[in-house]
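Asks: Dumping the structure here so I can ask a few things about it.
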Amino acid sequence: MTNILDGKALAETIKKEIAEEVKKIKAAGGKTPHLAAVLIGDDAASASYVRNKVRSCEQCGFHSTLIKREADISEVDLLNIIKGLNENPDIDGFIVQLPLPNHIDEEKVTLAIAPEKDVDGFHPINFGRMAQGMPAYLPATPYGIVQMLDRYGIETSGKHCVVIGRSNIVGTPMSILLSRKAKVGNCTVTLTHSRTKDLPAETRRADIIIAAIGRAYFLTADMVKEGAVVVDVGINRVDDASRKRGYRLVGDVDFEHVAPKSSYITPVPGGVGPMTVTSLLMNTLKASRKEIYS
Ligand code: NAD
Numbered sequence: 009m010t011n012i013l014d015g016k017a018l019a020e021t022i023k024k025e026i027a028e029e030v031k032k033i034k035a036a037g038g039k040t041p042h043l044a045a046v047l048i049g050d051d052a053a054s055a056s057y058v059r060n061k062v063r064s065c066e067q068c069g070f071h072s073t074l075i076k077r078e079a080d081i082s083e084v085d086l087l088n089i090i091k092g093l094n095e096n097p098d099i100d101g102f103i104v105q106l107p108l109p110n111h112i113d114e115e116k117v118t119l120a121i122a123p124e125k126d127v128d129g130f131h132p133i134n135f136g137r138m139a140q141g142m143p144a145y146l147p148a149t150p151y152g153i154v155q156m157l158d159r160y161g162i163e164t165s166g167k168h169c170v171v172i173g174r175s176n177i178v179g180t181p182m183s184i185l186l187s188r189k190a191k192v193g194n195c196t197v198t199l200t201h202s203r204t205k206d207l208p209a210e211t212r213r214a215d216i217i218i219a220a221i222g223r224a225y226f227l228t229a230d231m232v233k234e235g236a237v238v239v240d241v242g243i244n245r246v247d248d249a250s251r252k253r254g255y256r257l258v259g260d261v262d263f264e265h266v267a268p269k270s271s272y273i274t275p276v277p278g279g280v281g282p283m284t285v286t287s288l289l290m291n292t293l294k295a296s297r298k299e300i301y302s
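In my numbering, the protein residues as written are 9 to 302.
Below is the structure:
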């Protein structure tokens, strides 16, 4: 039987739990968690992601600050904004929404964020701490997937997991988290990518597949073994004249044909996406309590 991993519903549950925590913190006279988000330019998808993050902060009783600048902002000006946020004691954590305009060096920006405020978990210090199993802000999307597997009680220990895609924000950290010695972990992981020779042969051996490629309907039913757990990270636009906006969002998985073969599967939308936002809130709560860096 196929079970849907309902990220939307789970994220709502976790947000309610966070809101309860925040109420207790406030009642005890503690500091209200405060997340800032920096949005550069007018990319519609980025704006909608940031809107979602800010709305979720409000739902949980956090303070939130949105800093919006035009796409032609200079790199120096952006780095100065980051410096200000690093030094502002009221801001517990902040994110700079990616992608950035071409004239801005994303690596420089990531490195400029103070690791103790890097609630996206993108800074190499947090990445390195994660890789060594030390307390760290875990990158939001892989952390959300770990939470989801945990809450749905999906056994990972001893399982063979195939991750498709090796980006620094999804595929690579996902492979590290699933292979480490932890409750959700202890998998034997194969990290695959564009140079993998026979990808279908790899995915057909997998008990758990994490698809993070960025290509609509990439993972087809013939690539999946019966009973596999399938997590779809992809967010892709496909033309759809029946929709007012002219497109709809689909994942990297051919959901219609893969779902009947899988034991658990995430939908798109409503799967991994909402869990990513929840992770960000959890990291910010940890930041405000100084749980990772004291
Ligand atoms: P990316 O473009 O940085 O990486 C894509 C990866 O896919 C690369 O490592 C590449 O080697 C691999 N790849 C490309 N073609 C391949 C092929 N033919 N066979 C095997 N591997 C191939 O992308 P990303 O930032 O990791 O994002 C991946 C997708 O996930 C995108 O659709 C993105 O929008 C989505 N995403 C969703 C969330 C969320 O919250 N749901 C968060 C981050 C990214």
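Virtual Cβ for every residue (Gly too), placed ideally from N, Cα, C.
#1: Express the C-alpha separation of G69 and G38 in angstroms, rounding to a whole number.
#2: I'd like to confirm the pairing. Which residues does DSSP put opposite S175 in its beta bridges?
#3: Report, in whole angstroms, the separation of the C-beta atoms of D240 and D260, which I expect to be a contact under 8 Å.
#4: Under 8 Å, Cβ to Cβ, is there at least one residue of chain B near V58?
#5: Anyone know if the C-beta pair for M283 and G15 falls short of 8 Å?
#6: Would you check if the distance between the CB atom of Q304 and the CB atom of L47 is smaller than 8 Å?
#7: With DSSP collapsed to three states, give me the class of S72.
#8: Please give me, in chain order, every unbroken run of the beta strand (DSSP E) with length at least 3 that falls completely inside the stretch 127-210.
#9: Entirely within the stretch 251-279 and at least 3 residues each: give me those beta strand (DSSP E) ranges in chain order.
#10: Under 7 Å from any heavy atom of ligand 1, does the C-beta of G278 make it?
#11: Starting from N96 and walking both ways along the beta strand (DSSP E), at which residues does that stretch end?
#12: Give the straight-line distance between the Cα atoms of D262 and T21, rounded to the nearest whole angstrom.
#13: On a CA-only basis, which of T198, I177 and V178 is nearest S187? Give me that one, please.
#14: Can you tell me which residues fall inside 6 Å of ligand 1, judged by beta-carbon distance to its nearest heavy atom, and keep chain order?
#15: Which whole-angstrom value describes the C-beta separation of L13 and Y160, a residue pair presumed to lie in contact below a C-beta threshold of 8 Å?
#16: List the DSSP bridge partners of V237.
#17: Looking only at its own chain, which residues have a Cβ that is under 7 Å from the Cβ of E29, when we skip the five neighbours before and after it?
#18: Let me know if M231 comes out buried or exposed under the rule of 16 or more other beta-carbons within 10 Å of its beta-carbon.
#19: The alpha helix (DSSP H) with V62 in it runs from where to where?
#20: Looking only at C-alpha atoms, which of Y151, P107, P109 and I112 sits nearest to V127?
#21: Which residue or residues does DSSP assign as beta-bridge partners of I2?
#22: Quick check on the DSSP output: the alpha helix (DSSP H) that includes V117 runs from which residue to which?
#23: With a cut-off of 8 Å, do at least 3 Cβ pairs link the stretch 69-82 to the stretch 122-137?
Replies: According to the data block:
#1: In the sequence shown, counting from the first residue as 1, residue 38 sits at position 30. In the sequence shown, counting from the first residue as 1, residue 69 sits at position 61. Distance between the alpha carbons of G38 and G69: 13 Å.
#2: Counted from its first residue, the sequence shown places residue 175 at position 167. According to DSSP, which records beta bridges pairwise, S175 is partnered with nothing at all.
#3: Position 232 of the sequence shown, counting from 1, holds the residue named residue 240. Position 252 of the sequence shown, counting from 1, holds the residue named residue 260. The pair is a contact, with the Cβ atoms about 6 Å apart (cut-off 8 Å).
#4: As a matter of chain content, chain B is missing from the structure shown, which is built from one protein chain.
#5: Here residue 283 refers to the residue found at position 275 when the sequence shown is read from its first residue. Here residue 15 refers to the residue found at position 7 when the sequence shown is read from its first residue. Their beta carbons are under 8 Å apart, which means M283 touches G15 by this criterion.
#6: The question about residue 304 has no answer, for the chain in this structure spans 9 to 302.
#7: Numbered from its first residue, the sequence shown carries residue 72 at position 64. Of the three classes helix, strand and coil, the one that applies to S72 here is strand, per DSSP.
#8: 168-172 and 196-200
#9: 255-258
#10: Here residue 278 refers to the residue found at position 270 of the sequence shown. No, the Cβ of G278 stays beyond 7 Å of every heavy atom of ligand 1.
#11: Locating residue 96 in the sequence shown gives position 88, where the first residue counts as 1. No beta strand (DSSP E) contains N96, which DSSP labels as neither H nor E.
#12: Against the sequence shown, residue 262 aligns to sequence position 254. Against the sequence shown, residue 21 aligns to sequence position 13. Those two C-alpha atoms are separated by around 28 Å.
#13: Position 179 of the sequence shown, counting from 1, holds the residue named residue 187. Among T198, I177 and V178, the Cα nearest to that of S187 is on T198.
#14: T149, I172, G173, R174, S175, I177, V178, G179, T200, H201, S202, T204, L207, A220, I221, G222, V241, G242, I243, N244, V280, G281 and T284
#15: The sequence position of residue 13 within the sequence shown is 5, counting from 1. The sequence position of residue 160 within the sequence shown is 152, counting from 1. Confirmed, about 6 Å.
#16: Position 229 of the sequence shown, counting from 1, holds the residue named residue 237. The partner list for V237 (beta bridge, DSSP) reads I216 and Y272.
#17: Start at 1 with the first residue of the sequence shown, and residue 29 comes out as number 21. Same-chain partners within the cutoff: L293.
#18: Residue 231 sits at position 223 when you count from the first residue of the sequence shown. M231 should be labelled buried.
#19: Walking along the sequence shown from the start, residue 62 turns up at place 54. Here the alpha helix (DSSP H) through V62 covers A52 to Q67.
#20: The sequence position of residue 127 within the sequence shown is 119, counting from 1. Checked all of Y151, P107, P109 and I112; the closest Cα to V127 is Y151.
#21: Any answer about residue 2 is impossible in this case: the structure gives the chain only from 9 up to 302.
#22: Walking along the sequence shown from the start, residue 117 turns up at place 109. Taken as a continuous stretch (DSSP letters only), the alpha helix (DSSP H) holding V117 covers E114 to A120.
#23: no
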